[in-house]
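*Asks:* First the structure, then my questions, so here it is.
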Amino acid sequence: MPTVTMTVNGMERSGTVEGRTLLVEFLRENLGLTGTHVGCDTSQCGACVVHVNGTSVKSCTCLAVQADGADVTTIEGLANGAELHPMQEAFREHHGLQCGFCTPGMVMSAVDLANRNPDPSEHEVREWLEGNLCRCTGYHNIVKAVRAGAQAMGGGS
Amino acid sequence: MSGNGTGIGASVKRKEDTRFLTGRGRYTDDINLPGQLYGHILRSPVAHADIGGIDTSAAMAAPGVHAVFTGKDMEGVGGIPTGWLIHSKDGSPMVEPAHPALALGKVRYVGDCVAIVVAETREQAKEAANLVDVDYRDLPAVASIEAAEANGAAQVFDEAPGNVCYDWEVGDRAATDAAFENAAHVVSIDVVNNRLVPNAIEPRAAIANFDPATSEYTLYTTSQNPHLVRLLLGAFVLGLPEHKLRIVAPDVGGGFGSKIPHYAEEAILTWTAGRLGRPVKWTCERIDAFKSDTHGRDHISTAKLALDADGKFLGLHVTTKANLGAYLSTFATCVPTYLYGILFAGPYTTPAVYCEVKSFFTNTVPVDALRGAGRPEATYLLERLVDKAAHELGMDRVEIRRKNFVREFPYQTPVALQYDQGDYDATLDLALDASDWAGFEARRAESAARGKLRGIGISTFIEACGIAPSAVVGSLGARAGLYESGSVRVHPTGSVSVFTGTHSHGQGHETTFAQIVSDMLGVDFDAVDVVHGDSAKIPFGMGTYGSRSLAVGGTAIYLAVEKVIEKGRKIAAHLLEASVEDIEFENGSFTVAGTDRSTSLGEVALTAYVPHNYPEGLEPGLEETAFYDPLNFTFPAGTHVAEVEVDPETGEVELVAVTGADDVGRVINPMIVAGQLHGGLAHGIGQALMEECVYQDDGQLATGSYLDYTMPRAADLPNFSINHNTTLCTHNPLGVKGVGEVGSIGIPPAVINAVIDALRPLGVNDMAMPATSQRVWQAIRQAQG
Amino acid sequence: MNDFTYHAPTTLNEALAALGAEGAKVIAGGHSLLPVMKLNLAAPTDLVSLAGVPGLADIADGGDSVTVGAMCTHAQVAGSAIVQARIPALTAMADGIGDAQVRNAGTIGGSVAHNDPAADYPAACVALGATIVTDRREIHSDDFFQGMFMTPLEDDEVITAVRFPVPSRASYAKFANPASKYAIAGVMVAQGPAGVRVAVTGASGDGVFRVGEMEAALGESFSAEAVAGIAVSSDGMLSDTAAGAQYRAHLVAVMAKRAVAACG
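One line per chain: the protein sequences are A, B and C, in this order.
Numbering-wise, the working numbering puts 2 at position 2 of the first sequence, and it's gapless, one number per residue.
Numbering-wise, the working numbering puts 1079 at position 79 of the second sequence, and it's gapless, one number per residue.
Numbering-wise, the working numbering puts 2064 at position 64 of the third sequence, and it's gapless, one number per residue.
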């Protein structure tokens, strides 16, 4: 069985996996990082979005072995100690979450957008979030939160 | 009520958000128990078949496998019960077939539970399940209402001839018939309420454990109502007393009704954990969720409205056929009856209303409550019909509604409900104003200049929420009470724990209930914690659905706080050497009336737990429980307006504006209330424009994943205009009505009315849900010959 | 998903050697392959990743052509200044594939090799007259896309790049499935060295196809009006819950017209 080593939230983490082990399974089951969620099996809902080498990907559609050697950031790695990341703070401030299940993927996706576009329009945010499903919020407040979070990030995380 | 920065009426940021935003939420699938095994549920791949036999030997021999159980192993264990007994017109009880947790002898829908395979790992269990050899002997399937009622249709259950579960009615048929005889106009409509898949983003999951030391079972499960699961699983399925069965519903990732029912998997897992003496975990994959989470809606209706020459409604006659699926889920039978037929007065004074509903078994996933549950179906039919009446009579769509509004309260409808309070003109005016209804024609012209067809639609509605007065629902067939419990524990240091039998899975109870308690007790908002979701911690509860949590659960908490204050007054009187009658409580202080002598809640609490100087005969401690059984339903109401733009070439419908003007009673947290409205609107828009669960004739699910079942995405929706006009509920102390289902009830007919309004110039006068681009294109093509 | 042996070669030769095993398959971004493996529709014994093979993720301006490395992600193509300058229609097409996360991981090589009948790249390749470059040969797109999921690739053959001739004008119009966001009717119209081409994806059960009648009409007069009256037959069109055959055929005509109009 392969061993993988990757930097997860700034720490080097290793584990023994099967070839078929998905990155999300490695994160949740090997590393106990259960903030990354699984909401579907067809790569659509986006609850599993994490950053691999700085860009957002669906960790349900990535093998753990594919991320060997990569720099991975999950929702658990976003805040600076007790201080929320500006995007997390914006979601809280604008009520961009309800049940919280899609939230980690939504926030990680939003941070990637903000890194590319410090002041996205409402339209740009809505288009960017195509790969993130939410059943609770109707997206209204998520869109507000992402725009505010991007501005608060000042164009980079 | 102090009305301070965190009190009632303030948009307090949510207590639960920090854990969700940092990945520290604790959902069922995040829980692992030492020594746990993994269960995989083998599901029927066919819609209807006799089970000739099941050979589990190869699966048993597969690596890591501990057990394979089938229906035969569970024979003798109770079936999955249903919670509401409906009687037919002739007084006979509904047909209530057995629902074995694991199929016994027959499978009745694609997804029916056939076996559980338990192994060391998830993958081992799943792979071994492929080795279970089931001899399915195919039977003809009925996958729709039309198929179920056809002559010579296959029978889902032998004991249900014609696949009919019940044939129910409400209202005065003779009076309604008479109204039609005297009518100047009769307007008819046929509508289908499309079947939906709920799709909470968190798939269902469960983990069961049995502790031989205490003989106690624990089940962690994705439920909206853990105590209800305990009641059904304990009393009806496994025969366990309440104190030996603990149900924990931790953080739950959305429910929308699909996590109300007690599911077969919960029974199978709990029973299996007992058999194996080890924890067993199961997590549903989305592809299985599509064929095992209860579905919603699925009605076919025909209705007619009698009007006088001026457009005043005289009578309404509704005939509906409802699809219940293959088995009776927990609330399946009441959704198309008591949550549907009694809504047909709407906000109107129609003096005679009659509704009959025939419900059918089919070889499809069981149908149960879904956001709104019955009330969206009724509202859709009524508001489509009212629009059609306006069109046929040449009346203005707004004026025909206004002409028929209820304006005197309380108002007794001809279909059982008594509305306590409302102001339908106010929300209508608000919606017209906020949507710039008057300026629409200019926008229509602007769209036309770009080759687009613009339309606007309206719906005025009421809903019955705050479920429910136990005696009333009991007389109608409910097998449980629908009250709620709340406990308030003031700790010796003055912090407060609040225990509620409702369950929060996105609604923000931890915040809203803390606002109420901190406001009433004058304690710091941060000093109040709300506990929910664990039958071992909370005295009792009925859970969260039917927009009941605040109106029923919040009231129970309110009453418990009042009891705390009452006891506190006795302690304070003793400390202040005054009589209890003279003690006033405000902003956290007990004061002797007319003096400056006072003591704080904190001092009183400490005294209650360190009763060295204490009233004689009074129990120590400061903790109170209240059970609240509502006196009536609550009646949120409002007006929703939708504006669409149609591309006549492709049939695409773009939703360009949505306006809600709602009366949900007193608003505790405006931010949370707006969020609930947004979510409900998106759900209703999904039904109107995108979502449709389609079965093939053979009972295979044609829309079984996110690849072909359209979920509303961010780019499909506009920003929502949310507006309030408040009248207070008269029969609960907070004056609250409920908000969780408003959007999904009010908006679908407004959207479809808007689409029809856009297409009328082309000769299109009808549109089914969902108004997909293909359906719109076909309608245009048909109208143009 | 069945288990498999994962190989992470660092040279093309190592990759080719690993692909010699019976049942081995290439994995690029994994966004075509992993979803079908999850459904047990594919069960390779070995997966050979190209991620560590250098030189497969470059975009090069060859003057009259643009060569896109097989491991370029859709996001990379969409964000490429070279592609934007030379074939903006390809930029727009790549930017409309799937969603942001799919574009961050999915690759042109994976998409082309998979030849999903609803994928966008086959229409772009055929309309632009692209050449599929492999470790051992060059295959013109006319010969490459052989029907649903069918290509002439050998089991151990690796796509290294796709070379697109620069058109004088081109545009892509897609009507997406509202659920999956794959194309129901995706039409790439291009005018280039090889004349006018109209290639359609998402609509036919046989995968990408060209509309000869439209190409002829556009050859006469390159305008939206020229194709406006041309109906597309619904014979052989896919039919599902989102779009029946007739509706698909209609959408092909509408998307073609819009693509032509967008060419300017």
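The beta carbon of each residue, even a glycine, is placed where N, CA and C say it ideally should be.
What ranges does the alpha helix (DSSP H) occupy inside the stretch 2206 to 2234 of chain C, keeping only unbroken runs of at least 4 residues that lie completely in it?
*Replies:* With a minimum length of 4 residues, the continuous alpha helix (DSSP H) runs that stay inside the stretch 2206 to 2234 of chain C are 2212 to 2220 and 2224 to 2228.
*Asks:* Roughly how many angstroms lie between the CA atoms of E1120(B) and V2068(C), to the nearest whole one?
*Replies:* Residue numbering aside, residue 1120(B) sits at position 120 when the second sequence is read from its first letter. Residue numbering aside, residue 2068(C) sits at position 68 when the third sequence is read from its first letter. Approximately 46 Å, taken between the alpha carbons.
*Asks:* Per DSSP, which residues does Y1136(B) bridge with? Please list them.
*Replies:* In the second sequence, counting from the first residue as 1, residue 1136(B) sits at position 136. Note: Y1136(B) sits in a beta bridge opposite I1051(B).
*Asks:* Beta-carbon within less than 6 Å of A1179(B)'s beta-carbon, same chain only, minus the 5 sequence neighbours each way: which residues are those?
*Replies:* Indexing the second sequence from 1 puts residue 1179(B) at position 179. Answer for A1179(B): A1306, L1314, G1315 and A1352, listed in chain order.
*Asks:* Going along the chain, which residues of the stretch 63 to 75 of chain A sit with their C-beta nearer than 8 Å to a C-beta in chain C?
*Replies:* Within the stretch 63 to 75 of chain A, the residues whose Cβ lies closer than 8 Å to some Cβ of chain C are L63, V65, Q66 and D68, listed in chain order.
*Asks:* With a cut-off of 8 Å, does the C-beta of R92(A) fall near any C-beta of chain B?
*Replies:* Numbered from its first residue, the first sequence carries residue 92(A) at position 92. Closer than 8 Å to some Cβ of chain B, the Cβ of R92(A) qualifies, so yes.
*Asks:* Do you know how far the Cα of G1543(B) is from the Cα of S1549(B)?
*Replies:* What you label residue 1549(B) is simply residue 549 of the second sequence in a count that begins at 1. What you label residue 1543(B) is simply residue 543 of the second sequence in a count that begins at 1. Distance between the alpha carbons of S1549(B) and G1543(B): 8 Å.
*Asks:* Could you round the C-beta distance between F2164(C) and L2128(C) to whole angstroms and report it? I think they count as a contact, below 8 Å.
*Replies:* If you number the third sequence from 1, residue 2164(C) lands on position 164. If you number the third sequence from 1, residue 2128(C) lands on position 128. Indeed they touch by this definition, with Cβ atoms about 5 Å apart.
*Asks:* Give me whichever residues DSSP pairs with E2138(C) in a beta bridge.
*Replies:* Mapped onto the third sequence, residue 2138(C) falls at position 138. DSSP output for E2138(C) lists V2133(C) as bridge partner(s).
*Asks:* With burial defined as no fewer than 16 other Cβ atoms inside 10 Å of the residue's Cβ, what is the status of P1161(B): buried or exposed?
*Replies:* Along the second sequence, read from residue 1 onward, the residue named residue 1161(B) stands at position 161. Exposed: under 16 other Cβ atoms inside 10 Å.
*Asks:* So, for L1104(B): in the same chain, excluding its five sequence neighbours on each side, which residues have a beta-carbon less than 6 Å away from its beta-carbon?
*Replies:* Working through the second sequence from its first residue, we reach residue 1104(B) at position 104. For L1104(B), where only same-chain residues beyond five positions count, the Cβ hits under 6 Å are G1071.
*Asks:* Tell me the rounded alpha-carbon separation between A2261(C) and T2005(C).
*Replies:* Indexing the third sequence from 1 puts residue 2261(C) at position 261. Indexing the third sequence from 1 puts residue 2005(C) at position 5. So the alpha carbons of these two residues sit roughly 49 Å apart.
*Asks:* Report the residue from A2092(C), C2263(C), G2205(C) and V2126(C) whose alpha carbon sits nearest the alpha carbon of D2235(C).
*Replies:* For the purposes of this step, residue 2235(C) is taken as the residue at position 235 of the third sequence. If we check each option's Cα against that of D2235(C), G2205(C) comes out closest.
*Asks:* Quickly, what does DSSP pair K58(A) with across the bridge? List them, please.
*Replies:* Locating residue 58(A) in the first sequence gives position 58, where the first residue counts as 1. DSSP output for K58(A) lists V49(A) as bridge partner(s).
*Asks:* For the 8 Å Cβ check, are there 3 or more pairs between the stretch 1550 to 1565 of chain B and the stretch 1273 to 1284 of chain B?
*Replies:* Because the criterion of three Cβ pairs below 8 Å is not met, the stretch 1550 to 1565 of chain B and the stretch 1273 to 1284 of chain B do not touch.
*Asks:* Rounded to the nearest angstrom, what separates N1753(B) and M1767(B) at their Cα positions?
*Replies:* Residue numbering aside, residue 1753(B) sits at position 753 when the second sequence is read from its first letter. Residue numbering aside, residue 1767(B) sits at position 767 when the second sequence is read from its first letter. About 8 Å.
*Asks:* In terms of residue numbering, what span does the alpha helix (DSSP H) encompassing Y1109(B) cover?
*Replies:* Stepping through the second sequence from its first residue, residue 1109(B) is reached at position 109. It is not in any alpha helix (DSSP H) - Y1109(B) carries neither H nor E in the DSSP assignment.
*Asks:* Which residue spans inside the stretch 1279 to 1335 of chain B form an unbroken beta strand (DSSP E) run of at least 3?
*Replies:* Listed in chain order, the complete beta strand (DSSP E) runs (minimum 3 residues) inside the stretch 1279 to 1335 of chain B are 1280 to 1283, 1299 to 1307 and 1313 to 1325.
*Asks:* Measuring alpha carbon to alpha carbon, tell me which residue in A1715(B), V1490(B) and G1035(B) is nearest A1608(B).
*Replies:* Position 608 of the second sequence holds residue 1608(B). Out of A1715(B), V1490(B) and G1035(B), V1490(B) has the C-alpha closest to the C-alpha of A1608(B).
*Asks:* Just how far apart, CA to CA, sit K1312(B) and V1398(B)?
*Replies:* On the second sequence, position 312 is the one that residue 1312(B) refers to. On the second sequence, position 398 is the one that residue 1398(B) refers to. Cα to Cα, the separation comes out at about 13 Å.
*Asks:* Check whether the Cβ of S2180(C) lies closer than 8 Å to any Cβ atom in chain B.
*Replies:* Here the question's residue 2180(C) lines up with position 180 in the third sequence. With 8 Å as the cut-off, S2180(C) counts as an interface residue toward chain B.
*Asks:* At the level of alpha carbons, what is the spacing between V111(A) and P1410(B)?
*Replies:* As a first step, residue 111(A) must be located in the first sequence, where it is residue number 111. As a first step, residue 1410(B) must be located in the second sequence, where it is residue number 410. For V111(A) and P1410(B), the distance between alpha carbons rounds to 52 Å.
*Asks:* Go ahead and pull the three-state DSSP assignment for A1661(B).
*Replies:* What you label residue 1661(B) is simply residue 661 of the second sequence in a count that begins at 1. It is a strand residue.
*Asks:* Would you please verify whether the beta carbon of A47(A) is less than 8 Å from any beta carbon of chain B?
*Replies:* Taking the first sequence and counting its residues from 1, one reaches residue 47(A) at position 47. Chain B, which has a Cβ nearer than 8 Å to the Cβ of A47(A), makes this yes.
*Asks:* Does the beta carbon of R135(A) sit closer than 8 Å to a beta carbon anywhere in chain C?
*Replies:* One-based indexing of the first sequence puts residue 135(A) at position 135. Chain C contact via Cβ: absent.
*Asks:* Quick one: which residues of the stretch 2099 to 2115 of chain C get their C-beta closer than 7 Å to a C-beta of chain A? List them in chain order.
*Replies:* Answer set for the stretch 2099 to 2115 of chain C: D2099, A2100, Q2101, V2102, N2104 and A2105.
*Asks:* At a CB-CB cut-off below 9 Å, which residues of chain B make contact with D2240(C)?
*Replies:* As a working note, residue 2240(C) is residue 240 in the third sequence. Those are A1702 and D1708, listed as they occur along chain B.
*Asks:* Can you pull the DSSP bridge partners for I2027(C)?
*Replies:* Here residue 2027(C) is taken as the residue at index 27 of the third sequence, counted from 1. Partner(s): S2049(C).
*Asks:* Applying the criterion that 16 or more other CB atoms from any shown protein chain within 10 Å of the CB defines a buried residue, is T1056(B) buried or exposed?
*Replies:* Against the second sequence, residue 1056(B) aligns to sequence position 56. That one is buried.
*Asks:* Would you say F2175(C) lies against chain B (beta-carbon separation less than 8 Å)?
*Replies:* By one-based count along the third sequence, residue 2175(C) stands at place 175. Judged by the 8 Å Cβ criterion, F2175(C) is in contact with chain B.
*Asks:* Identify the residues that DSSP records as bridge partners of C1355(B): which are they?
*Replies:* Translated into positions along the second sequence, residue 1355(B) becomes position 355. In the DSSP output, where bridge partners are listed per residue, C1355(B) has V1170(B) and V1318(B).
*Asks:* Out of G1617(B), G1621(B) and A1578(B), which one is the CA nearest neighbour of V1610(B)?
*Replies:* For the purposes of this step, residue 1610(B) is taken as residue 610 along the second sequence, with counting starting at 1. If we check each option's Cα against that of V1610(B), G1621(B) comes out closest.
*Asks:* Considering A90(A), what are the terminal residues of the alpha helix (DSSP H) in which it resides?
*Replies:* As a working mapping, residue 90(A) is identified with position 90 in the first sequence. Counting along the chain, the alpha helix (DSSP H) containing A90(A) begins and ends at P86 to E93.
*Asks:* Residues in the same chain with beta-carbon distance under 6 Å from D1582(B), minus the five sequence neighbours each way, listed in chain order, please.
*Replies:* As a first step, residue 1582(B) must be located in the second sequence, where it is residue number 582. Cβ neighbours of D1582(B) beyond the five flanking positions: V1592 and A1593.
*Asks:* Just the C-alpha distance for H51(A) and D71(A), rounded to the nearest angstrom, thanks.
*Replies:* Numbered from 1 along the first sequence, position 51 holds the residue referred to as residue 51(A). Numbered from 1 along the first sequence, position 71 holds the residue referred to as residue 71(A). Near 8 Å, if we compare the C-alpha coordinates of D71(A) and H51(A).
*Asks:* For the beta strand (DSSP E) containing K2174(C), name the first residue and the last one.
*Replies:* Position 174 of the third sequence, counting from 1, holds the residue named residue 2174(C). R2169 to A2176 is the extent of the beta strand (DSSP E) around K2174(C).
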